[in-house]
Amino acid sequence: MATQGWKWLGTEDKDAIFDCIWDPDRDCGGPYHLEIDPVDSCNADCYFCNSAEVRRGDVLGWDRVQGLLDDARPRGLRSVRLSGGGESLLYPHFVEIINWLERHGVQLDNMTTNGVTLAGRRAEALARVPPAFLMVSLNYATPERYEWGMRIPRRSFHKICENLTAYHGMLAGAGRRDECQTQLQFMISRETIEDLPEMFALGKRLNATAVTLRGLYDQPPERRLTPEERRALMRALAPLAMEYTDEFWIMLDLGMEGLEQEAAELSNAIHARHRNAEDNGGAGDSDPAGAKLQGNGAHDLDRFAYCLMPWYSMTVVGSGRVYPCCILLTNQEIDPLGNLNGQTLAEVWNGEAFKRYRGEIRRAMVLDGPAPMSGKLCRHTTAMCWKAGGCHIASKLGDPADVARLARQITDARSSLPGRLTRMRFGLIRKGINMARAVGLRD
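Following my numbering, the numbering of the sequence shown begins with 58 at its first residue and continues without gaps.
Here it is in structure tokens:
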């Protein structure tokens, strides 16, 4: 799985980050990881797109991108992600970004693309500097369904398959195929249940490292799977997953369709099969999803899997605005953290907005559970940010040793006098809100 740059941090980097979490006035360096979404436009028109609201055609000029990279490098920049509300390969200076990364030895951690233009100079550049993790949003397994869901001609489907095959050939020819894990993403809806066999077969044919099946965000209730459709999906999915699990990793993100428990049980069965193979002398594939639990007490550590991104990463979009992360940038209720068109990198990273953002996550760590945060108390995070494991990306960032370290720090913070007072204060606020709701004074 893409680690949002965490895996490229050194020991000194992590020491600075962990110290900075509990000392708001400390300069922890960074950002160590940049997510750059340089162009807010796309060559597809997916009906389910959750970035449509931020796609205004803005383009971050090369001088701005280069300036951002040059400013971040002496502050400890280790990795970059290319993604966005738009299609990153459409950026006019895409190759220049890759050349900069190669020249300065900065890792391309991961990249998301629909693959339509993964060819020519762009593909050649990515063969020289491959992303550790390449997410290809194919979304559909047949040309007909692709044309319907992506709302572009079906020939693009064939083009993507050709592009990905050719790109893998480039990597192999350069002896770098193992440096790039390729994940195909497919969307699950009532229209695609019958396409499950084609999804898995396509993953094998395109030599994917992993296949993700995910539900659709922000869909009206009438578009959600019915109970019978959910049962039909799992009946079809389970045998296919067990059949193909030796071909590639299978990741299930079906909570939106009310199948979180069923998906977790199937995932556990898949991972158990891999663990058994390793115990019986198998080679033991690496886990691109980061899904296999490692070390004793891993289940206990899940209670401390909070987001660490405020202390090492930032997301920049085509307009120059800075957001906490890729998930929150499309949330219209989240305030941006600054704008690089009028501020320097250091002014944003060390500014009041970033301090508030870090403070909201720190407070969630201390409170250990949902808090009555709104308005001025919560301007840069949402409910999923306040809960350990609430975000499917942030909860898998650190390795077990990192999470154990955070667990010790959080436990100490909760038992300290300031921590106990904070928990007492918000406990009283929560009781007051519950009483108000009980008498109909608050929604």
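No residue lacks a Cβ here, since even glycine has one placed at the ideal position from N, Cα and C.
At least 8 Å separates the beta-carbon of Gln240 from that of Arg271.
In the structure shown, Glu92 falls within a strand segment according to DSSP collapsed to helix, strand and coil. The segment 74 to 85 makes contact with the segment 365 to 376: 3 or more CB pairs, one atom from each, lie closer than 8 Å.
When only Cα atoms are considered, Leu183 and Ile155 end up about 7 Å apart. About 19 Å separates the beta carbon of Cys218 from that of Pro187, a gap too long to meet the 8 Å contact definition. Taken atom to atom, the span from the alpha-carbon of Met441 to that of Arg292 is near 30 Å.
Of the candidates Pro95, Asp359, Ile250, the residue whose Cα lies closest to the Cα of Asp459 is Asp359. DSSP links Leu270 through a beta bridge to Phe243, Leu309.
Cβ contact annotation for Ala176 (same chain, cutoff 6 Å, sequence separation greater than five): Asn220, in chain order. At least 8 Å separates the beta-carbon of Ala231 from that of Ala180. Counting C-beta atoms within 10 angstroms of its own C-beta, Glu314 has 16 or more neighbours from the protein chains shown and is therefore classed as buried.
Between the segment 87 to 94 and the segment 193 to 204 there are fewer than three C-beta pairs closer than 8 Å, too few to call the two in contact.
In this structure, the alpha-carbon of Leu253 lies about 7 Å from that of Leu294. In this structure Val268 is buried. Its beta-carbon is surrounded by 16 or more other beta-carbon atoms within 10 angstroms. In the three-state scheme derived from DSSP, where H, G and I count as helix and E and B as strand, Asn325 is classed as helix. In the structure shown, Asp166 falls within a strand segment according to DSSP collapsed to helix, strand and coil. Boundaries of the beta strand (DSSP E) harbouring Tyr380: 378 to 380, taken from the DSSP string. The DSSP-derived three-state label of Gly395 is strand. About 11 Å separates the CB atoms of Gly133 and Gly62; that is not less than 8 Å, and the two are not in contact. A direct Cα-to-Cα measurement between Ile486 and Arg480 gives close to 10 Å. Distance from the Cα of Gly124 is smallest, within the candidate group Leu323, Gly399, Glu251, Arg208, for Gly399. Within the segment 184 to 251, the runs of beta strand (DSSP E) at least 3 residues long that lie entirely inside it are, in chain order, 190 to 196, 238 to 244. For Val152, the uninterrupted alpha helix (DSSP H) run begins and ends at 151 to 161, by DSSP. Taking the CA atoms as reference points, Ser98 sits about 40 Å from Ala326. Of the candidates Met192, Gly312, Asn171, Met192 places its Cα closest to the Cα of Leu165.
Between Ala298 and Leu323, the CB-CB gap stays under 8 Å.
In this chain, the alpha helix (DSSP H) harbouring Ser472 covers 457 to 472. Cβ neighbours of Ala265 within its own chain (closer than 6 Å, five residues either side excluded): Thr239, Leu241, Phe305.
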